[in-house]
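Novice: Got a structure here, written out as structure tokens. Questions coming.
In the numbering used here, the protein residues as written are 33 to 945.
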């Protein structure tokens, strides 16, 4: 049961014909290829957007023109264009304060921000609406900020509010970020969620770490922009109460952790930072100390406070020190990359990173308060230390809580071998950096005060290994006296942490379980030269276990939950080709039965019960007749023959209408693999999927229901409905079906549609898939199975049957040595399960309809008048049926939570009304 009706929103437009993949990319290894493709796509996209955004480009040009006319002196810029307190509502500076910046670095950052945020916003809103929005956000935001300054000043935060009272306001960041926030309500859910997270964390970091009037204005403008989407447009907040896929959940958590780590750097880029957390970032802008001053102060007293401060300041000077101070951010960026890949080790490292950062911040705060208390002759108030520490550590506390509550996203293990290699590399990097420090230090020992010795160099080594921002808490035995020794101190830190960052990256990006990967490759090879059922390609998806028969005669893919081995369809038989087609069929059936017997014996040895899940009629009959299994009908497959691709006659009128409309509206189809899909289309497919997941009452299902990860299988084909503007109106994925080493058909898996696009897009795509299959010489396409759905509901007058096994079952079970060759011509009872269970499944199908729409999905396929085939669940112990049901549910929804159960109950209650 491998499909889901997928729906989403994106702007429609139009095109038809099947387009083959065209563009080929440069051959690069692994992640580098994706980085290259994404970078090229991003640059092309940005260039195309810039050429169609005249308002943004004009405002950027005006910003730089004003700086050229007035001059680079910030004081002149602020006096000519900026606003200051006291605020006057009719001051013309209210308008000019949005046109430029006082600092050159601010102009560079504003330009980058405009290209990243304002350009897409103008494309979404339109140039006229964008200009009006930018003007309104600034004119409304500035008075709010000025009033807020008085509130902050009167609240007791004079260390911050007082500084704001003396500042000039001159920045375009308000309208840049504010228009982006307002435009998010018109974005697909995927990017709406991402951009709002980025904007929220970004402006929070700007206010808390930098704390200038421009930062406060940016925060107010973003809040006003979001207000439009969530209040005026009555749009629900997408970050709360709506499901996300595992893939996107990992991305959002990784984004949050990186932005929190990046916050101090953002503020550090502003030399005028004066926010509540600005102390945290002061290390990036400590004043440079001359070497002569350092020598004078530290020669007099190497243990004095003046020497210590001078030494600290000297450590922050130079390129090497700047890189060393960025090493914590670089390492956390690598960890965040691992979080995006779902690595469990990355989750633990992220937890440790938050705790270490908070520990360092608390320690620095303690030392600062202790020194201040000593100077004033008072004792340190621990309550103040704790309260201030919690306030300063608030961003990391939020990040830590988020990691804890989303830990189920990060379950991908890393093999012990990869961890061992990382540990070895860590030790080598330590040894190498220590050797450089000691050997070079001894060669210039007279450049230190006191003269360097092996003992003193080793004593200073822990402080040298740490980035300067952390090392400031430690005392130093040696004081550098020359530029060479100052440079040595900084670059030894980099010699340790750069290799560690690289090794960490390769560990987190390594194959999680090489043995599982080898098993999948082995299964894929056997399937390609053998025969499987219509679900057989799902056996090579991740998270499956494998049992392989001797001599590679075949295999069974399964998952173990609750002591039940739930199979992914029937066994896959791999055999040598036969020339006689009759012999081929007979041999395959016999081999499949043998594989099933051997797997059941293996599972019994492991203490598992076997549940043959989603198997066909022939296989279920064999298990029932010859091994005494019960069977329960769990889905109905729809198979469309390619013989009827002309779609003639009245019964295919809806299909012909969909194809004709697509042609008129300029919708075309593209048949290609994920690797051949452009980054632009990939992003839009992901957006469609995320929209569908968010609209569901339950989390995204897995097991035999593919998602974005499964689309990336190189053998899986995508059929897209795309218009002339490259908007994706619908997407389906098709899994190959092998018989005797040949592809004989395709099975539908992934299905999404754009609810704001071409309405009959699903009918159009399914019809075009049949046409494509005919072109490829295939006999059929499977529209897959609809769970808990059927063409006709079971009759309440159906004859009742006893729950005991039929006589044929008992006979077969009593003679396990009997010939197990399937006798498909033998008559067996037409009903092999109790009427009560049959009616129970019918009722379950009715209950599940509001949650997933399986029956509506099945009904949509009836327009093609396909052949219907039942899929069954086979089991040998009726008392184990409840446990089997729980196991299958666990395969589909491994992360089902009490909160999800509450939402499902609410949805069902609403549907009953």
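Even for Gly, the Cβ is constructed at its ideal location relative to N, Cα and C. Remember, it's a predicted structure, so these values are computed and weren't measured experimentally.
Since residue 660 is in the alpha helix (DSSP H), which residue starts that stretch and which ends it?
Specialist: Here residue 660 belongs to no alpha helix (DSSP H), and DSSP marks it neither H nor E.
Novice: When the Cα atoms are used, what is the spatial distance from residue 33 to residue 910?
Specialist: Only weak support exists for where residue 33 lies, its pLDDT of 45 falling under 50; the value from the coordinates is given anyway. About 22 Å.
Novice: Mark residue 167 as exposed unless 16 or more other C-beta atoms lie within 10 angstroms of its C-beta, in which case mark it buried.
Specialist: The residue in question, residue 167, is exposed, as its Cβ has fewer than 16 Cβ neighbours within 10 Å.
Novice: Mind checking whether residue 717 and residue 784 have CB atoms under 9 Å apart?
Specialist: A contact, by the Cβ cut-off of 9 Å.
Novice: Please state whether DSSP places residue 545 in a helix, a strand or coil.
Specialist: Three-state result, residue 545: coil.
Novice: In the DSSP output, which residue or residues are listed as bridge partners for residue 532?
Specialist: According to DSSP, residue 532 bridges with nothing at all.
Novice: Count the other CB atoms within 10 Å of the CB of residue 108; is the residue buried (16 or more) or exposed (fewer)?
Specialist: Flag for residue 108 reads exposed.
Novice: Between residue 842 and the rest of its own chain, which residues show a CB-CB distance below 6 Å, the 5 nearest in sequence each way excluded?
Specialist: Residue placement at residue 842 is poorly supported in this model, since its pLDDT is 34, which falls under 50; the coordinates still yield a value, given next. Cβ neighbours of residue 842 beyond the five flanking positions: none.
Novice: Which class does residue 927 belong to by DSSP, given the choice of helix, strand or coil?
Specialist: Coil, per DSSP.
Novice: Quick one: measure Cβ to Cβ for residue 364 and residue 455, integer angstroms, because I've assumed they're closer than 8 Å.
Specialist: Contact doesn't hold; Cβ gap of about 20 Å is too wide.
Novice: Can you tell me whether residue 774 is helix, strand or coil according to DSSP?
Specialist: Residue 774 falls in the strand class under three-state DSSP.
Novice: Between which residues of its own chain and residue 73 is the CB-CB distance below 8 Å, once the five residues before and five after are set aside?
Specialist: Answer for residue 73: 710, 711 and 712, listed in chain order.
Novice: Give, in chain order, every unbroken run of the alpha helix (DSSP H) that is at least 4 residues long and sits entirely within the segment 694-730.
Specialist: Entirely contained in the segment 694-730, the alpha helix (DSSP H) runs reaching 4 residues are, in chain order, 711-727.
Novice: Quick one, are the C-beta atoms of residue 761 and residue 738 less than 9 Å apart?
Specialist: The answer is no: Cβ separation not under 9 Å.
Novice: Using a 10 Å radius around the Cβ and a threshold of 16 neighbouring Cβ atoms, would you call residue 802 buried or exposed?
Specialist: Under this definition residue 802 is a buried residue.
Novice: Counting along the chain, where does the alpha helix (DSSP H) carrying residue 638 start and finish?
Specialist: That residue, residue 638, is in no alpha helix (DSSP H); it is neither H nor E in DSSP.
Novice: Let's test the definition: count the other Cβ atoms within 10 Å of the Cβ of residue 804 and tell me whether it reaches 16, buried, or not, exposed.
Specialist: When all chains shown are included, residue 804 counts as buried.
Novice: If you reduce the DSSP assignment to three classes, tell me which class residue 458 lands in.
Specialist: In this structure, residue 458 counts as helix in the three-state DSSP scheme.
Novice: Residue 684 lies in the beta strand (DSSP E); which residues open and close that run?
Specialist: No beta strand (DSSP E) contains residue 684, which DSSP labels as neither H nor E.
Novice: My understanding is that residue 908 touches residue 660, with C-beta atoms under 8 Å, so please give their C-beta distance in whole angstroms.
Specialist: 6 Å between Cβ atoms; contact.
Novice: Would you mind stating whether residue 461 and residue 535 have Cβ atoms separated by less than 9 Å?
Specialist: Cβ atoms of residue 461 and residue 535: closer than 9 Å.
Novice: If you reduce the DSSP assignment to three classes, tell me which class residue 160 lands in.
Specialist: The answer is helix: DSSP assigns residue 160 an H, G or I state.
Novice: Quick one: what's residue 605 bridged to in DSSP?
Specialist: The partner list for residue 605 (beta bridge, DSSP) reads 563 and 586.
Novice: Let me confirm a value: residue 386 is counted as buried when at least 16 other C-beta atoms fall within 10 Å, else exposed. Which label applies?
Specialist: Residue 386 comes out buried.
Novice: State the Cα-Cα distance for the pair residue 547 and residue 578, rounded to the nearest angstrom.
Specialist: Cα to Cα, residue 547 sits roughly 11 Å from residue 578.
Novice: In chain order, what are the residue ranges of uninterrupted alpha helix (DSSP H) at least 4 long that sit wholly in the segment 340-398?
Specialist: Taking only runs of at least 4 residues, the alpha helix (DSSP H) segments lying wholly in the segment 340-398 are 351-372.
Novice: How long is the line joining the alpha carbons of residue 925 and residue 701, rounded to whole angstroms?
Specialist: Distance between the alpha carbons of residue 925 and residue 701 is about 33 Å.
Novice: Going along the chain, which unbroken runs of the alpha helix (DSSP H) with 4 or more residues stay wholly within the segment 416-499?
Specialist: Listed in chain order, they are 426-437, 448-475 and 486-497.
Novice: Where does residue 155 sit, in a helix, a strand or coil, going by DSSP?
Specialist: The answer is helix: DSSP assigns residue 155 an H, G or I state.
Novice: Return helix, strand or coil for residue 226, following the three-state DSSP convention.
Specialist: Here residue 226 sits in helix by DSSP.
Novice: Rounded to the nearest angstrom, what separates residue 513 and residue 469 at their Cα positions?
Specialist: Cα to Cα, the separation comes out at about 15 Å.
Novice: Between residue 229 and the ligand GDP, is the CB less than 8 Å from at least one heavy atom?
Specialist: Here there are no bound small molecules, and the ligand GDP is not part of this structure.
Novice: Indicate the three-state DSSP secondary structure (helix, strand or coil) for residue 117 in the structure shown.
Specialist: Coil.
Novice: Once the 5 residues before and after residue 584 are set aside, which same chain residues still bring their CB inside 7 Å of it?
Specialist: Excluding positions up to five away in sequence, the list reads 558 and 606.
Novice: Any idea if residue 595 is buried or exposed, counting beta-carbon neighbours within 10 angstroms, 16 or more meaning buried?
Specialist: With fewer than 16 other Cβ atoms within 10 Å, it is exposed.
Novice: If we count Cβ pairs, one from each stretch, closer than 8 Å, do we get three or more for the segment 205-216 versus the segment 256-263?
Specialist: Short answer: they touch.
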